[in-house]
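The structure appears right after this line, and notes come after that.
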Amino acid sequence: MGEIVPVKSKEIGSSSIRCPMLTTTNYTVWTMRMKPMLRVNRAWEAIEPGSTNEDMNDLAKALLFQSIPESLILQVGEYKTAKEVWEAIKTRHLGADRVKEARLQTLMSEFDRLKMKDTESIDEFAGKLSEISTKAAALGEKINETKLVKKFLGSVPRKKYIHTVASLEQVLDLKTTCFEDIVGRLKTHIKETMDEIFSITKNNTWDLVDLPNGVKPIGLKWVFKIKTNSDGSINKYKARLVAKGYVQKHGIDFDEVFAPVARIETVRFIIALAASNGWEIHHLDVKTAFLHVELKEIVYVSQPEGFITEENKNKVYKLNKALYGLRQAPRAWNNKLNQILKELNFMKCSKEPSLYQKQENEHLLIVAVYVDDLLVTGTSLDQIVEFKKGMASKFEMSDLGLLTYYLGIEVLQHDKGIIMKQGRYAEKILEEARMRECNAVHIPMDSGLKLLKAEKEKNIDKKEFRRNIGCLRYLLHTRPDLSYSVGILSRYLQEPKESHGAALKQILRYLRGTQSYGLSFTRGTEQGLVGYSESSHNVDEDDGKSTTGHIFYLGDCPITWCTKKQDTIALSSCEAEFMAATEAAKQAIWLQDLLGEVTGNSIERVMLRIDNKSAIALAKNPVFHGRSKHIHKRYHFIRECVENELVDVEHVPGEEQKADILTKALGRIKFKEMRELVGIHDVSRLAKKKMDRGGDGGRRLWYMRNVELDVMRSHINSYLQRDLESSSAAMKHILVVVQHIVDEIKDLLSFLGLLRDRNPPPLPFLVVELPEVQIAVSLISHV
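In terms of the numbering used here, the sequence shown opens at residue 176 and continues consecutively.
What follows is the structure in structure tokens.
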């Protein structure tokens, strides 16, 4: 508020009065502080109403002169009374305020009128807004970020940028988005749209033509997406020009549309096969895959928003190749890819049309296809490299290296096997459910809980309940421990009640404590198919139907599981187990055929383990009698499989029945035992244990908190460089290797979820001493 100046009062004697100094910006506060000061010194009457007492007048003038700068004293010093001095000061500063207010009004009027010209760049227009904001702040008026953001988005040319602006308004909360962020995102989106148009033009995807009479073009729209890494960090922004295929008519604009993609259980099958044999799995992505495919049909599309010129505004594009969004595009791309893979001597699997295999020189190469993502594994790394070269000669490819992230699933490959988890996705579920900070529980569902339709209970938000259940169902791809509880709640999507909402919250609280859990696929010698079949009789309180559950393993690797309510009512637990065994047998036959076709080897019969001896006897006895004659003939498929020696059934003790966790809610101790038995582990803790066991006793681990990996790189660099100065030149090569290891550690920690801003656990970083460098080089293989 200005400098405080001490003065002595004439009447008070030796006591000091500290006067506030008047500045160009604090006049209002200055007057508020001076009035009581003048009253305390009994001098205010010299100003209001204006006393003729000379001593009082002199005291008031003295106090005023001590409170104003020298430049102002020179302007008002000739006035005789304190009242005249006070009024002169008032006149000068009120006039300055009026000038400032007028300038601010002019500036805000300019702000309101400002519009971006078509010839202006984003940076130029953003600079103008920033300049006005800075000037307004200097005049005491701060333009808040939300107003700047809305002004910016509302002032850009609509015809040119409407697609990007609309996308940003949909995905961002403008109230919390800063001005610099919105400018950067808009520039990024514009760059991505330019890249997409360049790719389309480069591939000769369309020709600009006049629209034939009687033809209605298909509209186009822009879709913007942020691709993230496994740790949730932004990988890249992507803009895709998409056709509005929902307006196409069958038989006119398209014919066949089906295109197979790799099912998630097929992906787990490939990962389990690779882990069992110690193979590497590589990930390839075809850039703008659909733009490589020629169309059989004649299709016209409108011009994309933001790229329409005045002279060609009435023209349309005739497609030579497919665009994303066309109904026939996926099938056309699949046919093209199938043709290329056949040229590379691959054979399509009849049991899984998205899976291809090639056997050459006693080496096996397997490719799984999910639209434009390819997973490649096999016995020979050289063949994988050759396959990459062959695909790169046909398409523009992105070689993503070892598989680390696929369809929201995090994958970590190490020398002892492969880990699959969805930790980041689980965290997202908790965030959207607003339960990220909830208290964790040990089990997803209490063992004594009985859920009903409960028509008398209050309804809960259907949309919220269904959204959470849908998200949890995708999490089941790596979390069979949640299959039963989520499956039970899925039966009440139509009219969810309060009891169902409470059960859902318990699942989310369980998820809160097990975010880092996932599947561990270990390397092993046995690679036979083993299944476990189980049922819980009469578990549904509404209709009395039983629940089927089965899980299959390739060696020790879980590859497929199921929790399902049976279609008909079972009259006994034996009958329920018998029907469950039939469902398991169908899956067993598919897996048996798939494994045999992929590996090219004859597969022994699948072992199916059941804990009900009566059901086993019923499956092995081909004679119809009173205990089985009423069972529908479709459930007798298990008998045929046993008779034809495709499936072998054997008894397993109840405490070893791995499918038990899929058919009933278990108590805390039993649940944790079965979870471990099934193959679900805390993979972050598992990886840390492998690190601790994997090295030599001389290796040192340095634990730190909240340290950036780049800083750690410099620590290792300087630490080694200091010792290397007196060592051999050969050791300098190891420095480069260690720096690569640091990058690997960064990827590993990101995957394990250890690089978190809030309450991170101690992070393992390696400080390498010179005698231990070779151990450091092998660290990643131990992890």
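Glycine included, every Cβ here is placed at the ideal spot set by N, Cα and C.
Note that this is a predicted model, so its numbers are computed, not measured.
Judged by DSSP secondary structure, H458 falls outside any alpha helix (DSSP H) and instead within the beta strand (DSSP E) spanning 456 to 461. For K310, the CB contacts under 8 Å within the same chain, skipping 5 residues up- and downstream, are L282 in chain order. According to the DSSP assignment, H538 belongs to the beta strand (DSSP E) that extends over 538 to 545.
Under the Cβ criterion (8 Å, minimum of three pairs), the stretch 496 to 509 does not count as touching the stretch 731 to 750. Within its own chain, the residues whose Cβ lies closer than 6 Å to the Cβ of C646, once the five positions on either side in sequence are excluded, are I604, listed in chain order. Counting along the chain, A418 sits inside the beta strand (DSSP E) bounded by residues 409 to 418. The stretch 473 to 480 makes no contact with the stretch 564 to 574, as fewer than three CB pairs between them are under 8 Å. Sixteen is the threshold: since fewer than 16 other Cβ atoms of the shown chains lie within 10 Å of the Cβ of Q345, the residue is exposed. Following the DSSP letters along the chain, one finds M595 inside the beta strand (DSSP E) bounded by residues 592 to 596. Comparing alpha carbon positions, the residue from G394, R438, I372, I439 closest to K413 is I372. Relative to the Cα of I744, the nearest Cα in the group D717, E295, V705, R648 belongs to D717. In this structure, Q681 is the residue among R599, Q681, E585 with its C-alpha nearest to the C-alpha of S622. In the same chain as S374, and ignoring 5 residues on each side of it, the C-beta atoms closer than 8 Å to its own belong to K462, T463, L466, in chain order. In this structure, the straight-line span from the alpha carbon of E355 to that of K317 is close to 16 Å. L239 places its beta carbon less than 8 Å from that of A257. In this structure, DSSP gives Y649 a helical state, which the three-state scheme calls helix. Excluding its 5 nearest sequence neighbours in each direction, S674 has C-beta neighbours in its own chain below 8 Å: L626, L627, A629, E632, listed in chain order.
The Cβ-Cβ distance between S658 and L651 falls below 8 Å. Counting the other CB atoms within 10 Å of its CB gives I836 a total of 16 or more, which places it among the buried residues.
A contact is defined here as three or more CB-CB pairs under 8 Å, and the stretch 437 to 445 fails this definition with respect to the stretch 466 to 475. Between K396 and the set V417, E299, E825, the nearest pair of CA atoms involves V417. Distance from the Cα of W219 is smallest, within the candidate group Y649, K424, E259, for E259.
Rounded to whole angstroms, the gap between the alpha carbons of A235 and L197 is 15 Å. Excluding five sequence positions before and after I515, the CB atoms of its chain that fall closer than 7 Å to its own CB belong to K569, given in chain order. DSSP lists K672 as the bridge partner or partners of N634. Nearest neighbour of E831 by Cα position, chosen from S284, N634, G706, I594, turns out to be G706.
For M572, DSSP records a beta bridge to V461. For the pair G688 and K596, the CB atoms are not nearer than the 8 Å cut-off. When rounded, the separation of the alpha-carbon atoms in V384 and L494 is 10 Å. In the pairwise beta carbon analysis, the stretch 807 to 826 is classified as not touching the stretch 553 to 567: fewer than three pairs are separated by under 8 Å. From the listed residues D230, E639, A615, F300, the smallest Cα separation to A608 is found for E639. Assigned with DSSP and collapsed to three states, K739 falls in strand. Bounds of any alpha helix (DSSP H) do not take in V436, whose DSSP letter is neither H nor E. The stretch 776 to 795 makes no contact with the stretch 838 to 849: fewer than 3 CB pairs, one atom from each, lie closer than 8 Å. Taking one beta carbon from each stretch, the stretch 665 to 674 and the stretch 848 to 858 have fewer than 3 pairs nearer than 8 Å; the two do not touch.
A distance below 7 Å between beta-carbons, with the five flanking residues on each side excluded, links C353 to the following residues of its chain, in chain order: E320.
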